[in-house]
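Asks:
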Amino acid sequence: MNQAEKTVLAETANRVRIGILDGVYNAGCGHPGGSLSIAELLTYLYFKEMKIDPADPKAADRDRFVLSKGHTAPALYATLAERGFFPVEELKTLRKIDSRLQGHPDMKGIPGVDMSTGSLGLGISAACGMALAGKTAGKDYRVYTILGDGESEEGQVWEAAMFAAHYKLDNLVAIVDWNGLQIDGTVEEVMNPTPHNLKFAAFGWNVISIDAHDFDQIEAAFAAARQVKGKPTAIIAKSVKGKGVSYMENAVQWHGAAPKEDLYRVGLADLGLSPEEIEGRFKQNG
Amino acid sequence: MADKIATREAYGKALVALADKYPFVVLDADLAQATKTCLFAKEHPDRFFDCGIAEGNMMSVAAGIASTGTVPFVSSFAMFAAGRAFEQVRNSVAYPHLNVKIGATHAGITVGEDGATHQCCEDFALMRVIPGMTVICPADGPETYAAVEAALKWDGPVYLRFGRFAVPEVTAGEGVAPFEIGKGRLLREGTDVTIVAIGYMVHLALEAADALAAEGICAEVIDLHTLKPIDAELLVKSATKTGAVVTAEEHNIIGGLGSAVSETLAENRPVPLERVGVRDVFGRSGKVPQLLEFYGLTSAEIAKRAKAAIARKN
Chain A
1 MNQAEKTVLA ETANRVRIGI LDGVYNAGCG HPGGSLSIAE LLTYLYFKEM
51 KIDPADPKAA DRDRFVLSKG HTAPALYATL AERGFFPVEE LKTLRKIDSR
101 LQGHPDMKGI PGVDMSTGSL GLGISAACGM ALAGKTAGKD YRVYTILGDG
151 ESEEGQVWEA AMFAAHYKLD NLVAIVDWNG LQIDGTVEEV MNPTPHNLKF
201 AAFGWNVISI DAHDFDQIEA AFAAARQVKG KPTAIIAKSV KGKGVSYMEN
251 AVQWHGAAPK EDLYRVGLAD LGLSPEEIEG RFKQNG
Chain B
1 MADKIATREA YGKALVALAD KYPFVVLDAD LAQATKTCLF AKEHPDRFFD
51 CGIAEGNMMS VAAGIASTGT VPFVSSFAMF AAGRAFEQVR NSVAYPHLNV
101 KIGATHAGIT VGEDGATHQC CEDFALMRVI PGMTVICPAD GPETYAAVEA
151 ALKWDGPVYL RFGRFAVPEV TAGEGVAPFE IGKGRLLREG TDVTIVAIGY
201 MVHLALEAAD ALAAEGICAE VIDLHTLKPI DAELLVKSAT KTGAVVTAEE
251 HNIIGGLGSA VSETLAENRP VPLERVGVRD VFGRSGKVPQ LLEFYGLTSA
301 EIAKRAKAAI ARKN
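Going line by line, the protein sequences match chains A and B. The opening residue of the first sequence carries number 1 in my numbering; numbering runs sequentially from there. The opening residue of the second sequence carries number 1 in my numbering; numbering runs sequentially from there.
1) Taking the alpha-carbon of G103 (chain A) as reference, which of A:A78, A:A126, A:P74 has the nearest alpha-carbon?
2) Quick one: what's got a C-beta closer than 8 Å to T298 (chain B)'s C-beta in the same chain, skipping five residues either side?
3) Helix, strand or coil for F65 (chain A) per DSSP?
4) In the DSSP output, what is I146 (chain A) paired with across the bridge?
5) Assuming S68 (chain A) contacts I146 (chain A) (C-beta within less than 8 Å), just tell me the rounded distance between them.
6) Counting only the same chain and skipping the five closest in sequence on each side, list residues whose C-beta sits under 6 Å from that of V221 (chain B).
7) Please confirm if D114 (chain A) has its CB atom under 8 Å from at least one CB of chain B.
8) I65 (chain B) touches chain A at which residues, Cβ-Cβ below 8 Å?
9) What three-state label does DSSP hand Q102 (chain A) in the structure shown?
10) Extract the residue ranges of the beta strand (DSSP E) inside the region 42-105 of chain B, only unbroken runs of 3 or more that lie entirely within it.
11) Quick one: give me the first and last residue of the beta strand (DSSP E) that D20 (chain B) is part of.
12) Anything in chain B within Cβ reach of E159 (chain A), meaning under 7 Å, just list it in chain order.
13) Give me the Cα-Cα distance between P111 (chain A) and E149 (chain B), rounded to the nearest whole angstrom.
14) Going by beta-carbon coordinates alone, are L152 (chain B) and L27 (chain B) separated by less than 8 Å?
15) CB-CB under 6 Å to G23 (chain A), same chain, minus the five flanking residues each way: which ones, in chain order?
16) How would you list, in chain order, the residues of chain B whose beta-carbon sits under 7 Å from the beta-carbon of S119 (chain A)?
17) Could you tell me the boundaries of the alpha helix (DSSP H) in which L120 (chain A) lies?
18) So, G301 (chain A) versus G30 (chain A), is the Cβ gap smaller than 8 Å?
19) With DSSP collapsed to three states, give me the class of S285 (chain B).
20) Within 10 angstroms of the Cβ of I20 (chain A), are there 16 or more other Cβ atoms? Answer buried if so, exposed if not.
21) Does the region 163-179 of chain A touch the region 131-140 of chain A, meaning 3 or more C-beta pairs lie closer than 8 Å?
22) Does the Cβ of E55 (chain B) have 16 or more other Cβ atoms within 10 Å, making it buried, or fewer, making it exposed?
23) Which residue comes first and which comes last in the beta strand (DSSP E) that contains K199 (chain A)?
24) Identify each residue in the region 100-112 of chain A for which the Cβ-Cβ distance to at least one residue of chain B is less than 9 Å, and report them in chain order.
25) M191 (chain A) CB to nearest chain E CB: under 8 Å?
26) Output the distance between the C-alpha atoms of A223 (chain A) and V8 (chain A), rounded to the nearest integer angstrom.
27) Which runs of the beta strand (DSSP E) at least 3 residues long sit entirely within the region 8-77 of chain A? Give them in chain order.
28) Closest to M1 (chain A) by C-alpha separation, out of A:Q217, A:V88, A:R281, would be which residue?
29) Could you give the uninterrupted runs of the alpha helix (DSSP H) lying entirely in the region 253-307 of chain B, keeping only those of 4 residues or more?
30) Whole angstroms are fine: how far does the CA of L98 (chain B) sit from the CA of I65 (chain B)?
31) Verify whether the separation of the beta carbon atoms of R164 (chain B) and A6 (chain B) is less than 8 Å.
32) Where do the N-terminal and C-terminal ends of the beta strand (DSSP E) with K238 (chain A) fall, by residue?
33) Pick out whichever of A:W205, A:R17, A:Q182, A:T79 has its Cα sitting closest to the Cα of R46 (chain A).
34) Quick check: the Cα distance between A59 (chain A) and G83 (chain B), rounded to an integer number of angstroms?
35) Please confirm if the region 32-44 of chain B is in contact with the region 102-112 of chain B, defined as three or more CB-CB distances below 8 Å between the two stretches.
36) Between which two residues does the beta strand (DSSP E) carrying E220 (chain B) extend?
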C-alpha cells in the first residue's frame with residue numbers, strides 16, 4: 001500500500017471515529033470504546049476489501065459483513081454513512097425514537113446492515129450460515145465478521161468455530177477485536193478467553209495475528225486469507241479500546257458511556273478538529 | 001381408520017416429497033434419525049447439513065442462510081429447538097423476520113421413556129410470545145404435509161411442532177376444508193360444546209365427541225392446527241353457537257392452546273371454558289399410553305371437561 005493511499009484510509013478512519021463520537025454524544029449513551037477500536041478494520045473492509053455497492057445494498061453476490069459485537073454499532077453506522085449507504089448527518093439520530101439507527105444493528109431498517117446483531121455470540125454463527133449458503137450456491141462472495149474478545153466467552157462462538165472448520169468455510173474471515181477490556185474489567189480478570197490464536201488454530205482455523213490499527217498489516221492479513229483454501233481464517237487484531245480519544249484509550253469505563261459536552265469537545269480536538277469546527281458542531285446541533 | 005403415522009415421520013417424508021418443487025436446505029443437530037430429516041439427507045446429501053450437537057449455533061446459521069434467500073428447515077427436538085435455542089430464534093431469526101422454518105419433533109409427553117428432560121411441554125408458550133412467529137402443530141400425516149408446504153410458501157419464520165407417537169388420519173376426510181395457515185378446521189359440527197384441539201389431541205377430541213354423542217351431547221370439534229396467528233373468527237363463531245369450550249393440548253395448560261383460546265374468547269366472547277393438558281408439572285418416564293393416562297390426556301378427560309363446561313353455562 002502506498003503512502004498516499006494509506007493517508008486517505010487513515011483520514012477516513014478518523015472521520016469514522018468522529019462519526020462515532022457524534023452519534024454517541026447526541027444519543028447520550030452507547031458504546032464508544034469498542035467502536036473506536038475497530039475504526040481501521042471497518043474502514044479497510046468497506047473502502048478496500050469488500051465487494052459492495054451502496055447503491056445496491058442487497059445485491060445477491062455482494063460480500064457480507066456481520067458485526068457480531070453488535071453493541072459497537074456506532075462504528076458500523078459511521079462507516080456505512082461514510083461509504084455512502086446513508087447520510088452522515090443521520091448519525092446524530094443514533095438511538096432516538098424516530099431513528100432507524102437502532103442501538104444495535106437492525107438489518108430490516110438500515111441500508112448496508114447484513115445481519116441484525118447485538119446478542120453476543122450469535123453473529124459469527126449467522127456469518128457461517130452466509131458463507132455456507134454461498135459455497136452451496138457456487139457463489140464466490142466472501143463473508144466477514146468482527147467479534148469482541150470478551151464476546152468469545154460465549155460458548156456459541158466455539159460452536160461456530162467448529163462449524164466453520166468442519167464445513168471448510170474458506171470464504172469466511174472472523175476478526176477478533178482484542179482490545180483486552182470488557183464491562184467488568186480486563187478480559188483476563190473477568191473470564192480469560194485468551195489465547196485466541198491457539199484456540200482458533202486448535203479448532204482448525206488459519207490464524208493471523210496483527211495490529212488492528214496498522215493498514216499494512218490489515219491488508220496483508222486479508223490478502224493472506226484469500227489464499228487459504230479449505231479453512232476459515234481468524235484474524236486476531238490487537239487493538240486499543242477507545243483508540244484516538246485520549247481519555248478513552250484503554251479505559252474500561254468508556255465501554256458503554258457517552259461523553260458530556262466538555263469531554264466531547266476534548267474528543268473532537270483529539271481527532272483533529274479545529275476549535276472553529278468544534279464550535280460549528282454545536283451551532284449545527286442547535 | 002387409515003394407517004397411523006407419527007407426524008415426525010410425515011415431516012421427513014414431506015421434505016423428500018417437496019424437495020424438487022422448492023429449493024430449501026435442511027439442518028439438523030445430530031438427531032436426523034429421530035427427527036426423520038435423515039430421509040431427506042439420504043435423497044439430497046448436498047442440501048443437508050448436520051450441525052452437530054450445537055442447537056444455538058444451528059439456529060443462527062439458519063438465519064445467515066435465510067438472509068441469502070435460501071429457505072432452511074431447522075430440526076431438533078422441541079426441547080432444544082424452542083428451548084435451548086430460544087434466544088437464537090428470537091434474535092437471529094424472528095427479530096429480522098427471516099424465512100427460517102423450524103421443524104421441532106418429539107414435542108410433549110408422547111416422547112415416552114426418555115422422560116422429563118426431553119418432554120417439552122413449554123414450546124407453544126415460548127414460540128407464540130415471539131413477535132411475528134407463526135406456530136403450527138398438525139394433527140396427522142396429511143395435515144403435516146400440507147403444513148410443511150404452506151410453511152415453505154409463507155413469508156417469515158414458522159415453528160412447526162411434530163410428535164414422536166403415531167396418530168390416525170383425521171383430516172383427510174371429505175368435507176374438511178383445505179389446510180390454510182391461520183384457519184382452524186372444523187372436523188365435526190355440534191351445538192352443545194366446542195372442543196378445540198391441537199396436534200396429538202385432535203383424534204382424542206373426535207373420540208370424546210363420539211362418547212358425548214352417545215350421551216346425547218352434540219360436540220363441535222375444531223382442529224386448531226395454527227396456534228398463531230389464531231383463528232379468532234372461527235373460535236368466536238363456534239363459542240357463540242355452543243356457549244361452552246374445552247381446549248385439549250399435549251402441552252402445559254399455561255401458555256399454550258388453552259391460554260391462547262382463553263385470551264381470544266375472554267376478549268371477544270366469554271363462555272365457560274375448561275382446559276385439558278399437562279397441568280403445570282414436568283413429565284416422567286413411561287410408556288406413552290401410561291403417560292397419557294397419568295397426565296389426563298385422554299378422550300375420557302376431554303369428555304369429562306366438556307360436561308363440566310356445559311354445566312357452567314348460565
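Think of the CB as a built atom: it goes at the ideal place given N, C-alpha and C, for glycine as much as any other residue. Source: prediction; values computed, not measured.
Replies: According to the structure shown:
1) For the purposes of this step, residue 103 (chain A) is taken as the residue at position 103 of the first sequence. Cα-wise, what sits closest to G103 (chain A) is A:P74.
2) Mapped onto the second sequence, residue 298 (chain B) falls at position 298. Excluding residues within five positions, the ones whose Cβ falls inside 8 Å are L204, L292.
3) Stepping through the first sequence from its first residue, residue 65 (chain A) is reached at position 65. Of the three classes helix, strand and coil, the one that applies to F65 (chain A) here is strand, per DSSP.
4) Within the first sequence, numbered from 1, the residue matching residue 146 (chain A) stands at position 146. A:L67, A:I175, per the DSSP bridge assignment.
5) To locate residue 68 (chain A), count along the first sequence from 1; it is residue 68. To locate residue 146 (chain A), count along the first sequence from 1; it is residue 146. Their Cβ separation, rounded to whole angstroms, is 6 Å, which keeps S68 (chain A) and I146 (chain A) in contact under 8 Å.
6) Counting from one through the second sequence, the residue named residue 221 (chain B) turns up at place 221. Closer than 6 Å at Cβ, skipping near neighbours: L187, R188, I195, A205, L206, A209.
7) Residue mapping note: residue 114 (chain A) aligns to position 114 of the first sequence, counting from 1. At least one chain B Cβ lies under 8 Å of D114 (chain A).
8) Working through the second sequence from its first residue, we reach residue 65 (chain B) at position 65. By Cβ distance, chain A contributes G129, M130, L132, A133.
9) Residue numbering aside, residue 102 (chain A) sits at position 102 when the first sequence is read from its first letter. In the three-state DSSP reduction, Q102 (chain A) falls in the coil class, being neither helix nor strand.
10) DSSP runs (the beta strand (DSSP E)) wholly in the region 42-105 of chain B: 48-50, 72-77, 101-105.
11) In the second sequence, residue 20 (chain B) corresponds to position 20, counting from 1. Run containing D20 (chain B): none; DSSP gives neither H nor E here.
12) Residue 159 (chain A) sits at position 159 when you count from the first residue of the first sequence. Close partners of E159 (chain A) in chain B (Cβ separation under 7 Å): A54, G56, N57.
13) What you label residue 111 (chain A) is simply residue 111 of the first sequence in a count that begins at 1. What you label residue 149 (chain B) is simply residue 149 of the second sequence in a count that begins at 1. Those two C-alpha atoms are separated by around 32 Å.
14) In the second sequence, counting from the first residue as 1, residue 152 (chain B) sits at position 152. In the second sequence, counting from the first residue as 1, residue 27 (chain B) sits at position 27. Not closer than 8 Å, so no.
15) Reading the first sequence from its first residue, position 23 is the one you call residue 23 (chain A). Around G23 (chain A): P74, L91, L94.
16) Here the question's residue 119 (chain A) lines up with position 119 in the first sequence. Neighbourhood of S119 (chain A) in chain B, by CB distance below 7 Å: E87, N91, in chain order.
17) For the purposes of this step, residue 120 (chain A) is taken as the residue at position 120 of the first sequence. No alpha helix (DSSP H) contains L120 (chain A), which DSSP labels as neither H nor E.
18) Summary: the structure shown does not reach residue 301 (chain A), with chain A confined to residues 1 through 286, and so no result is reported for it.
19) Translated into positions along the second sequence, residue 285 (chain B) becomes position 285. In this structure, S285 (chain B) counts as coil in the three-state DSSP scheme.
20) Counting from 1 along the first sequence, the entry for residue 20 (chain A) is found at position 20. By the beta-carbon neighbour count (other beta carbons within 10 angstroms, threshold 16), I20 (chain A) is buried.
21) Short answer: they touch.
22) The residue given as residue 55 (chain B) occupies position 55 in the second sequence. Taking all protein chains shown into account, E55 (chain B) has 16 or more neighbouring C-beta atoms within 10 Å of its C-beta and is therefore buried.
23) The sequence position of residue 199 (chain A) within the first sequence is 199, counting from 1. K199 (chain A) -> not in any beta strand (DSSP E); alpha helix (DSSP H) instead, spanning 196-202.
24) Close to chain B, meaning a Cβ-Cβ distance shorter than 9 Å, are the following residues of the region 100-112 of chain A: D106, M107, K108.
25) The structure shown contains no chain E; its protein chains are A and B.
26) Your numbering for residue 223 (chain A) matches position 223 in the first sequence. Your numbering for residue 8 (chain A) matches position 8 in the first sequence. A223 (chain A) and V8 (chain A) have their C-alpha atoms some 20 Å from each other.
27) Counting only runs of 3 or more, we get 64-67.
28) Indexing the first sequence from 1 puts residue 1 (chain A) at position 1. Check the Cα spacing between M1 (chain A) and each of A:Q217, A:V88, A:R281: the tightest is with A:Q217.
29) Segments of the alpha helix (DSSP H) lying fully in the region 253-307 of chain B: 257-268, 288-294.
30) For the purposes of this step, residue 65 (chain B) is taken as the residue at position 65 of the second sequence. For the purposes of this step, residue 98 (chain B) is taken as the residue at position 98 of the second sequence. Approximately 9 Å, taken between the alpha carbons.
31) Counted from its first residue, the second sequence places residue 164 (chain B) at position 164. Counted from its first residue, the second sequence places residue 6 (chain B) at position 6. The beta carbons of R164 (chain B) and A6 (chain B) sit closer together than 8 Å.
32) Reading the first sequence from its first residue, position 238 is the one you call residue 238 (chain A). Run containing K238 (chain A): 233-238, per the beta strand (DSSP E) assignment.
33) The residue you call residue 46 (chain A) lines up with position 46 of the first sequence. The sequence as given places Tyr at residue 46 (chain A); Arg does not occur at that position. When C-alpha distances from Y46 (chain A) are compared across A:W205, A:R17, A:Q182, A:T79, the shortest belongs to A:T79.
34) As a first step, residue 59 (chain A) must be located in the first sequence, where it is residue number 59. As a first step, residue 83 (chain B) must be located in the second sequence, where it is residue number 83. Pairing A59 (chain A) with G83 (chain B), the inter-Cα distance amounts to about 35 Å.
35) Yes: at least three Cβ pairs fall under 8 Å.
36) Within the second sequence, residue 220 (chain B) is the residue found at index 220, counting from 1. First-last of the beta strand (DSSP E) with E220 (chain B): 219-223.
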